[in-house]
Amino acid sequence: MIAFQVSDMTSARCAGAVTKAVKGVDHAALVRVDMATLTVEIEPSRANARELSDAIKAAGYSPIAA
């Protein structure tokens, strides 16, 4: 599992955007967003942490490895 703290997520819409970004680089990844802790946990099928982080950044968010 790969986890990121994404403190600039503010709503369910943000969670959806982050999930969409992750799925864009790894469509089979399992993504869990916890808005209470502002964390994103990903079970990737092929993407690595760098690719996932870059995708989240490209969506306009600031992921930090958790």
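Count along the sequence shown from 1, then add 1; that gives the number in this note's numbering.
For every residue, glycine included, the Cβ atom is placed at its ideal position computed from N, Cα and C.
Helix, strand or coil for VAL7, going by three-state DSSP, please let me know.
If you number the sequence shown from 1, residue 7 lands on position 6. Here DSSP, grouped into helix, strand and coil, assigns VAL7 to coil.
Using a Cβ-Cβ cut-off of 6 Å (strictly less than) and excluding sequence neighbours within five positions of ALA22, which residues of its own chain qualify?
The count along the sequence shown starts at 1 and reaches residue 22 at position 21. Result list for ALA22: ALA56, ILE57 and ALA60, in chain order.
Could you have a look at ALA35 and say whether DSSP puts it in helix, strand or coil?
Indexing the sequence shown from 1 puts residue 35 at position 34. Checking the sequence, you will find Asp at residue 35 rather than Ala. Here ASP35 sits in strand by DSSP.
On a Cα-Cα basis, can you pick out the residue from ASP9, MET10 and ALA67 that is closest to GLU42?
Within the sequence shown, numbered from 1, the residue matching residue 42 stands at position 41. Out of ASP9, MET10 and ALA67, ALA67 has the C-alpha closest to the C-alpha of GLU42.
Along the chain, where does the alpha helix (DSSP H) containing GLY25 start, and where does it finish?
In the sequence shown, residue 25 corresponds to position 24, counting from 1. Unbroken alpha helix (DSSP H) run through GLY25: 13 to 26.
If you measure between the beta carbons of MET10 and LEU39, is that distance less than 8 Å?
As a first step, residue 10 is located in the sequence shown; it is residue number 9 there, counting from the start. As a first step, residue 39 is located in the sequence shown; it is residue number 38 there, counting from the start. Yes; because the gap between Cβ atoms is below 8 Å, this pair is in contact.
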